[in-house]
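Data first, discussion second: the structure below is written as structure tokens.
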Amino acid sequence: MSKATDEVPSVTRRLLALLLLPAVAILMAGTLADYFTAVAPLGEAYDQALIDAAIAIAGRVVTTPGGRPALSLPPEAAAILRADSIDSVFFHVSAADGRHISGDAGLPDVPDRGGNPARGNSTFRGEPVRLVSYRTTAGTAPVTVTVGETLRKRDRARAAVLTTAVTVDVAELGLMLVLIWLGVRLALAPVRGVAAQIHRRSARDLAPLPLARVPVEIRGVVEALNRLFATVTRAGAEQRRFLESAAHQLRTPLTGIQAQIELLADDETDPLRRERLRNVLDGAHRLAHTTHQLLALARSDEAVTLDHRLEAVDLAAVVEAVLNERIATADDAGIDLGAQVEPACIRGVPWLLAEALGNLADNAVTYTPRGGSVTLRCGHDGHPFLQVTDTGSGIPPAERERVLDRFHRGSNARGDGSGLGLAIVQEVAHLHGASLTVAAGPHGKGTIVTMQFRAAQQPDPA
Amino acid sequence: MRILVVEDDPLVGDAVRRALAMESYAVDLVASAEAAAAALHAETFNLAIVDIGLPGASGLQLLRDARQRGLAVPVLILTARDGLDDRVAALDLGADDYLVKPFQVPELLARCRAVIRRAHAVAGTELALGALHLDLAHRAAAVDGHALDLTLREWSILECLAFNAGRIVSRERLTQAVVNWSEDLTPNAIEVYVSRLRAKLGGAVNIRAVRGMGYRIDVQSH
Numbered sequence: 441m442s443k444a445t446d447e448v449p450s451v452t453r454r455l456l457a458l459l460l461l462p463a464v465a466i467l468m469a470g471t472l473a474d475y476f477t478a479v480a481p482l483g484e485a486y487d488q489a490l491i492d493a494a495i496a497i498a499g500r501v502v503t504t505p506g507g508r509p510a511l512s513l514p515p516e517a518a519a520i521l522r523a524d525s526i527d528s529v530f531f532h533v534s535a536a537d538g539r540h541i542s543g544d545a546g547l548p549d550v551p552d553r554g555g556n557p558a559r560g561n562s563t564f565r566g567e568p569v570r571l572v573s574y575r576t577t578a579g580t581a582p583v584t585v586t587v588g589e590t591l592r593k594r595d596r597a598r599a600a601v602l603t604t605a606v607t608v609d610v611a612e613l614g615l616m617l618v619l620i621w622l623g624v625r626l627a628l629a630p631v632r633g634v635a636a637q638i639h640r641r642s643a644r645d646l647a648p649l650p651l652a653r654v655p656v657e658i659r660g661v662v663e664a665l666n667r668l669f670a671t672v673t674r675a676g677a678e679q680r681r682f683l684e685s686a687a688h689q690l691r692t693p694l695t696g697i698q699a700q701i702e703l704l705a706d707d708e709t710d711p712l713r714r715e716r717l718r719n720v721l722d723g724a725h726r727l728a729h730t731t732h733q734l735l736a737l738a739r740s741d742e743a744v745t746l747d748h749r750l751e752a753v754d755l756a757a758v759v760e761a762v763l764n765e766r767i768a769t770a771d772d773a774g775i776d777l778g779a780q781v782e783p784a785c786i787r788g789v790p791w792l793l794a795e796a797l798g799n800l801a802d803n804a805v806t807y808t809p810r811g812g813s814v815t816l817r818c819g820h821d822g823h824p825f826l827q828v829t830d831t832g833s834g835i836p837p838a839e840r841e842r843v844l845d846r847f848h849r850g851s852n853a854r855g856d857g858s859g860l861g862l863a864i865v866q867e868v869a870h871l872h873g874a875s876l877t878v879a880a881g882p883h884g885k886g887t888i889v890t891m892q893f894r895a896a897q898q899p900d901p902a
Numbered sequence: 538m539r540i541l542v543v544e545d546d547p548l549v550g551d552a553v554r555r556a557l558a559m560e561s562y563a564v565d566l567v568a569s570a571e572a573a574a575a576a577l578h579a580e581t582f583n584l585a586i587v588d589i590g591l592p593g594a595s596g597l598q599l600l601r602d603a604r605q606r607g608l609a610v611p612v613l614i615l616t617a618r619d620g621l622d623d624r625v626a627a628l629d630l631g632a633d634d635y636l637v638k639p640f641q642v643p644e645l646l647a648r649c650r651a652v653i654r655r656a657h658a659v660a661g662t663e664l665a666l667g668a669l670h671l672d673l674a675h676r677a678a679a680v681d682g683h684a685l686d687l688t689l690r691e692w693s694i695l696e697c698l699a700f701n702a703g704r705i706v707s708r709e710r711l712t713q714a715v716v717n718w719s720e721d722l723t724p725n726a727i728e729v730y731v732s733r734l735r736a737k738l739g740g741a742v743n744i745r746a747v748r749g750m751g752y753r754i755d756v757q758s759h
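Here the protein sequences line up with chains U and X, keeping their order.
Take the first sequence: its position 275, counted from the start at 1, is 715 in our numbering, and no numbers get skipped.
Take the second sequence: its position 62, counted from the start at 1, is 599 in our numbering, and no numbers get skipped.
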């Protein structure tokens with residue numbers, strides 16, 4: 441789980457949390473239960489040994505001829521009783537009134553709370569002890585036999601039980617963690633598969649996602665996506681049909697009007713009427729140009745987004761095509777239009793790139809005085825680029841940012857300053873992931889407009 | 538020279554017919570693919586100018602059928618769509634050239650001349666550019682009937698430029714046109730050959746240098 445997913449909800453994390461926390465709690469409860477079920481009989485066994493010892497000692501309490509109880513325990517027997525390599529064992533025989541009869545004086549009795557023998561804990565000689573008091577009678581005199589031992593054995597046994605229980609349970613917990621983690625990951629693999637599939641495809645790919653291997657839990661999401669793709673595709677197809685129809689409906693009459701006026705002007709012998717017809721023709725040309733640009737702009741987005749027909753484009757071919765189309769206009773304007781071509785290839789839409797470069801070239805030709813030169817360049821300077829250099833008046837650095845505004849006042853000399861030229865250049869740059877920059881030409885003369893494409897792209901043989 | 542114009546828009550059709558007639562072409566104007574197919578079947582044309590957007594069968598359909606029937610008539614396609622796909626489709630179907638509406642009359646005329654010229658060059662052995670005539674079979678060039686004395690390399694360059702009249706031909710392509718496998722040629726050498734060609738051609742045709750690109754023969758309308 442990467443950093444990026446920390447903030448967003450994650451089914452994997454949720455599942456892991458929902459499964460792991462209860463699992464940990466259950467295992468911990470199990471550990472405690474194991475511990476207590478193991479420790480209780482352990483304490484019972486040790487207590488039983490003390491009780492046996494107390495009863496054995498009580499059996500040795502005799503009544504002296506004076507009628508007083510006394511303990512008749514041979515030293516060997518006492519030694520056996522006290523023999524313990526780990527714990528210290530104590531015993532004490534006392535009369536009902538607490539009077540010391542035999543054993544370790546000062547070993548406290550367990551108060552009589554009804555049970556016999558009674559068990560309890562206390563401290564003796566600075567160490568905690570477990571005590572058992574057995575009340576009996578010697579003859580007629582009641583006596584209390586108390587046996588105690590330090591807790592070292594019990595502590596060790598308890599520690600051993602605890603260690604074993606915790607070790608086993610920690611191992612179990614670890615195994616369970618791994619199994620749950622693996623399980624969750626495996627269970628969610630198809631979901632990740634779908635996500636990866638969506639992630640991998642191009643943003644422009646509108647083909648429906650295959651449903652065959654989509655888990656039922658997210659099938660609805662994928663189906664909704666597919667419906668959306670279908671809607672967008674349909675909308676795109678409708679837009680395309682509309683634009684094709686619009687192009688035909690606009691361009692055909694324009695062609696007719698233009699050609700008819702042109703022929704009329706050629707036929708006209710009266711210079712004044714001829715001039716008027718030329719003006720009308722000029723207007724028709726501007727209208728045709730604007731129509732062309734509007735249609736190009738309208739189609740540009742659709743061409744890239746919906747057609748996803750990006751293909752390997754040789755920028756040199758784009759430069760050549762633009763140059764071929766513009767050379768006559770440049771000659772008329774007294775501009776030396778040339779090229780500087782180095783190999784460069786990108787993935788793109790050729791006609792859109794030609795539109796953009798054509799607009800930049802038109803702009804440069806318009807703003808360069810007669811006798812100047814305009815150069816169309818392409819090449820690969822770390823990044824593939826298209827560039828237009830002119831020897832026009834240039835732009836002061838402060839105004840360079842605004843230079844693309846020229847398009848807005850744009851080509852006023854030829855009267856087609858609709859701002860569409862800039863819009864097309866910017867749109868084409870945007871669609872191709874290219875940046876647009878404006879700089880001063882060599883020696884501060886003229887202007888260089890560069891469209892730089894993002895990555896070095898190799899021609900795709902596919 | 539006889540040209541069939543297939544255009545359903547009366548305004549455009551009439552303008553194209555008039556413009557071609559002024560250039561002394563004989564023009565037949567029809568408004569549908571069906572009528573065009575009949576005309577192509579009955580008559581022989583030097584060129585067909587076909588609009589893609591026709592009522593009924595489209596211009597592309599007409600082109601496909603004509604080529605399937607083995608008609609070799611040169612075809613210039615007119616279309617209102619400027620995308621590349623239509624152009625590729627048209628050229629794949631056997632169109633010779635492609636012109637996007639709205640076009641201007643001089644451009645239409647230039648394209649017609651170019652298509653007819655290329656068709657003649659391919660079919661026959663002759664290529665004419667204004668006053669310049671190239672005899673492709675004998676590699677002989679003449680201006681106004683006077684033979685030019687050209688070296689093989691000068692001829693190759695002229696032939697290559699003439700085939701592509703009105704279009705820029707890159708220096709690399711010209712180099713390929715004149716170089717034998719064993720030889721190497723500097724771009725400067727091309728310049729030398731072109732300037733010699735210009736001298737020999739006089740003013741018959743204009744070989745224009747396009748800075749950074751190559752050369753282009755521009756033909757004045759006759």
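For each residue, glycine too, the CB sits at the ideal point set by N, CA and C.
- Under the 9 Å criterion on CB atoms, U/R691 is classed as interfacial with respect to chain X.
- At a Cβ-Cβ threshold of 9 Å, U/H532 and U/G566 do not count as neighbours.
- Its chain contains I705, V706, S707 and R708 as the residues whose beta carbon lies nearer than 6 Å to that of X/G751, once the 5 sequence neighbours on both sides are disregarded; these appear in chain order.
- 9 Å or more divides the Cβ of X/L636 from the Cβ of X/R601.
- Remark: three or more beta-carbon pairs, one from each stretch, lie closer than 8 Å, so the segment 608-617 of chain U and the segment 466-473 of chain U are flagged as touching.
- Burial is judged here by how many other beta carbons sit within 10 angstroms of a residue's own beta carbon; X/H683 has fewer than 16 and is exposed.
- Just measuring C-alpha positions, the residue of U/A510, U/A752 and U/V758 sitting nearest U/L800 is U/V758.
- U/E567 is bridged by DSSP to U/F564.
- If you draw a straight line from the Cα of U/P568 to the Cα of U/L460, it is about 41 Å long.
- Identification of residues in the segment 722-737 of chain X having a C-beta nearer than 9 Å to some C-beta of chain U yields an empty set.
- The DSSP-derived three-state label of X/I694 is helix.
- Distance from the CA of X/A699 to the CA of X/A665, rounded to the nearest whole angstrom, comes to 8 Å.
- Bounds of the beta strand (DSSP E) holding X/N743 are N743 to V747.
- Close to chain U, meaning a Cβ-Cβ distance shorter than 7 Å, are the following residues of the segment 575-595 of chain X: G590.
- Using a Cβ-Cβ cut-off of 9 Å, X/A702 does not count as an interface residue toward chain U, since no Cβ of chain U sits closer than that to its own.
- In the three-state reduction of the DSSP assignment, U/H872 falls in the coil class, being assigned neither a helical nor a strand state.
- In this structure, DSSP gives U/H823 a state outside helix and strand, which the three-state scheme calls coil.
- The alpha carbon of U/A794 has as its nearest neighbour, out of U/V865, U/I526, U/T769 and U/I520, the alpha carbon of U/V865.
- For X/R618, the closest Cβ of chain U is nearer than 9 Å.
- For the pair X/L722 and X/V731, the CB atoms are not nearer than the 9 Å cut-off.
- For the pair X/A585 and X/P611, the CB atoms are nearer than the 9 Å cut-off.
- Taking C-beta atoms under 8 Å as the contact rule, U/L871 and U/L734 fail to qualify, at a distance of about 17 Å.
- For X/S561, the nearest beta carbon of chain U is not closer than 9 Å to its own beta carbon.
- The beta-carbon of X/V747 is placed less than 9 Å from the nearest beta-carbon of chain U.
- Interface annotation, U/I658: not in contact with chain X, CB-CB separation never under 9 Å.
- CA-to-CA, the gap between U/R454 and U/F476 works out to about 33 Å.
- In the DSSP assignment, the residues bridged to U/R817 are U/Q780 and U/Q827.
- Around the beta carbon of X/A627, a 10 Å sphere encloses 16 or more other beta carbons of the protein chains shown; the residue is thus reported as buried.
- In this structure the segment 766-783 of chain U does not lie against the segment 725-740 of chain U, because fewer than three pairs of beta carbons, one per stretch, are closer than 8 Å.
- Residue burial annotation: X/R753 is buried, with at least 16 other C-beta atoms found within 10 angstroms of its C-beta.
- Taking each of X/L689, X/V587, X/G667 and X/D755 in turn and checking the Cα distance to X/R676, the smallest one comes out for X/L689.
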